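I have placed the structure first, in the form of structure tokens, so that the comments after it can refer back to it.
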Amino acid sequence: MRMTTEAPQTDDQTDAPEPTAEERASAEQRIMADRRAKLDAMTAAGGEPWPYSASPTARVEDLVLAHANLEDGVETEERYVLAGRMMMRRGQGKLIFAGLMDRSGTIQLFVSKAVVGEDGFAAVDDFDLGDWIEVSGTAMKTRKGELSLKVDSARLLAKCIRPLPEKFHGLADEEQRRGKRYLDLVANRDSLDVFVTRSKVVSAIRRFLEERDFLEVETPVLQPIYGGAAARPFETHHNQLDMKLYLRIATELYLKRLIVGGLERVFEIGPNFRNEGISFKHNPEFTMIELYQAYADYDDIMDLFEELVPAVASSVLGTTSIEHPEHGEIAFGNHPWPRIPLRDAILERSRIDIDRAAEDEMREALREAGHDPKGDTTRGKLIDALLTKFVEPNLIQPTFLTDYPVELSPFARTHPGSERTTRRFEVFAAGMELGNAFSELNDPAVQLARFEEQGAARAAGDDEAEHLDEDYITALEYGMPPTGGLGFGIDRLVMLFTGQKSVRDVILFPARRSKA
RNA sequence: GGGCCGUUAGCUCAGCUGGUAGAGCAGGUGACUCUUAAUCACAAGGUCGAUGGUUCGACCCCAUCACGGCCCA
């Protein structure tokens, strides 16, 4: 039975009464009223429109893999129970062709009145696009060659009361794609695949590290002193302790305390929070992995990263190369990746020698390149700007830049005999920074001096400089073994692996202005 | 923070020089036992982002605001 909300038939009179609010309901409201009426009718007839569970025996992909080679028009006795959303339906008289989608894929349902009977056919006819359903039947291929489930019974699992986005173009509106991500996932298969890939990437990284004896740990998100990166924090307050707390901008200083404690190899995957601008490569909360390996130098960490990325890529994508929408093929399997001292890279691209050039020369070069160096108040920030402006966009294939100046690297060890250059690297691909690593500074006296330099920088106006963390110094005084550490952004790696141009397309619920 | 673009039916989009709106999909009714973005017929669906202004008249011109996108700092 079908209930409708038709407006009364109007005759030819011109003085017809104004339609009531109900009669002027929008298309969406009419659809919703119609679908709710179906639920009511089902309940009235003794049915259960919201069952507690379902019992699928297979995924769509299982059926597809098992029967891909079936000849056209051939039916099998192989029984399947599938569950998912009905995403397509074409009535064909006493036949209905429908499409069932689960996470693994989509398959056609072949529904014949002769097989499911009068009531079963009416029930399928009553399903709406988007309804969750459970169907059972046998695998077959239609005469036209479409692999299908020949349905002998079907039931509603949950009603989709609102109309779904358009079936061919999907959901295009960026505001809705990111704000109503569930709709994006339903309507845009590509988007669902991105997030499936993301999950597999994280899982593959875990496996890679666990195979190498790393322990996954959890450290505080709420920190009384934030540190480990140059960024501004989000602040919050603990009521009972009456204490200001910060959402972490990095996990670094806590993880290294665990190296002091003797855990030897640790990693943490989780959100960091930086109170900064939103762009195609920045979201205020994003997912970082940091790992620390006792007894390792930064060369060892380069080796590790160089192995990790192709291992993850081949596990997730089945290949160690990716096709970047803008930059073409990027090969992660070509070892070793170039390891270029930062000074050489900047010298080659900008003809500025960061060891010798005066700060004014750097400013001039930046100005010529169209960058206003007004905000770059320190030598370190100028070098960082030269890197960002001249070098980074040109690093398409995976590349290590090594040996960063100490003023940019307050937690990294210097080279022997050098006070200015650290055993630190950053790694780049597709013109984007992927990760940052170094041989960890473990001399407490030197670390304290670095904090003091940072304090001076802060006093001079650098609001991203590190705060003195006395407990961290105390920990180092108990002794931290020589250690290599690495941090890299999960979001950016997923961007590379999925060909997305914005972090907002690899974060399920990216930050957005609230409408509330 | 600055510049440019966008916001029209549930969704995807048209809409001319200012004369109060169209299509496809989805939804409704009907036909159809092999459809593939099914097809065919009929009927329905709109506070044109919001608020002001100009005008006899505004989706269209102007201003402000909101939200989104892209670029720049």
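So the first sequence is numbered by the numbering used here: it starts at -19 and just counts up by one. Glycine residues also receive a C-beta, built at the ideal position from the N, C-alpha and C atoms. All values derive from a computational prediction rather than experimental measurement.
Asked                                                                                                                                                                                   : Found
Classify residue 398 as buried or exposed, calling it buried when 16 or more other Cβ atoms lie within 10 Å of its own Cβ.                                                              : exposed
In chain order, what residues of the same chain have a beta carbon less than 6 Å from the beta carbon of residue 290, not counting five sequence neighbours either side?                : 300, 312 and 313
Cα-Cα, which of 219, 401, 468 and 436 is closest to residue 415?                                                                                                                        : 468
In the DSSP output, what is residue 121 paired with across the bridge?                                                                                                                  : 127
Would you say residue 119 and residue 225 are within 9 Å of each other, going by their C-beta atoms?                                                                                    : no
What are the boundary residues of the beta strand (DSSP E) that includes residue 454?                                                                                                   : Looking at the DSSP string, residue 454 is not in any beta strand (DSSP E); the run it does join, the alpha helix (DSSP H), is 450 to 457.
For the alpha helix (DSSP H) containing residue 191, list its first residue and its last residue.                                                                                       : 169 to 191
Does DSSP put residue 47 in a helix, in a strand, or in coil?                                                                                                                           : helix
To which residues of the same chain is residue 215 closer than 7 Å at the C-beta, ignoring the five residues directly before and after it?                                              : 224 and 226
Does the stretch 111 to 125 come into contact with the stretch 184 to 202, if we say contact requires no fewer than three beta-carbon pairs (one atom in each stretch) closer than 8 Å? : no
Per DSSP, residue 518 is paired with what?                                                                                                                                              : As shown, the chain starts at -19 and ends at 496. That puts residue 518 outside it, with no answer to give.
Can you grab the Cα-Cα spacing for the pair residue 32 / residue 15, in whole Å?                                                                                                        : 20 Å
Could you have a look at residue 470 and say whether DSSP puts it in helix, strand or coil?                                                                                             : helix
Just to confirm, are residue 235 and residue 191 a CB contact at a threshold of 9 Å?                                                                                                    : no
With H, G and I counted as helix, E and B as strand and the rest as coil, what does DSSP make of residue 132?                                                                           : strand
Please state whether DSSP places residue 482 in a helix, a strand or coil.                                                                                                              : coil
Scan the stretch 45 to 116 and note each continuous alpha helix (DSSP H) run of 4 residues or more that stays entirely inside, going in chain order.                                    : 93 to 106
Just to confirm the assignment, what range does the beta strand (DSSP E) spanning residue 290 have?                                                                                     : Note, residue 290: premise wrong, no beta strand (DSSP E); alpha helix (DSSP H) at 278 to 297.
My output table needs one value for residue 368: the three-state DSSP class, helix, strand or coil.                                                                                     : helix
Does DSSP put residue 411 in a helix, a strand or coil?                                                                                                                                 : coil
Per DSSP, residue 252 forms a beta bridge with which residues?                                                                                                                          : 266
Give the straight-line distance between the Cα atoms of residue 2 and residue 34, rounded to the nearest whole angstrom.                                                                : For residue 2, the predicted structure reports a pLDDT of 44, less than 50, and the residue's modelled location is therefore unreliable. The matter cannot be settled from this model.
What residue from 491, 443 and 459 has the CA that sits closest to residue 211's CA?                                                                                                    : 443
If you reduce the DSSP assignment to three classes, tell me which class residue 139 lands in.                                                                                           : coil
Quick one: using the 10 Å Cβ neighbour count with 16 as the cut-off for buried, is residue 392 buried or exposed?                                                                       : buried
For the structure I just gave you, are there three or more beta carbon pairs, one from the stretch 446 to 459 and one from the stretch 250 to 269, closer than 8 Å?                     : no
Within 10 angstroms of its Cβ, does residue 417 collect 16 or more other Cβ (buried), or is it exposed?                                                                                 : buried
Taking only the alpha-carbon atoms, compute the straight-line gap between residue 422 and residue 406 and give it to the nearest angstrom.                                              : 20 Å
Roughly how many angstroms separate the alpha carbons of residue 352 and residue 67, rounded to a whole number?                                                                         : 52 Å
By DSSP, does residue 363 sit in helix, in strand, or in coil?                                                                                                                          : helix
Under 8 Å, with one C-beta from each stretch per pair, do the stretch 274 to 288 and the stretch 451 to 466 reach the 3-pair mark?                                                      : yes
Cα-Cα, which of 23, 175 and 74 is closest to residue 487?                                                                                                                               : 175
Given residue 452, which residues of its chain have a CB within under 6 Å of its CB, disregarding the five upstream and five downstream residues?                                       : 233
Considering only C-alpha positions, which residue in the set 155, 138, 178 and 349 is nearest to residue 480?                                                                           : 178
Looking at residue 386 and residue 401, is the spacing between their C-beta atoms short of 9 Å?                                                                                         : yes
Are the beta-carbon atoms of residue 230 and residue 208 separated by less than 9 Å?                                                                                                    : yes
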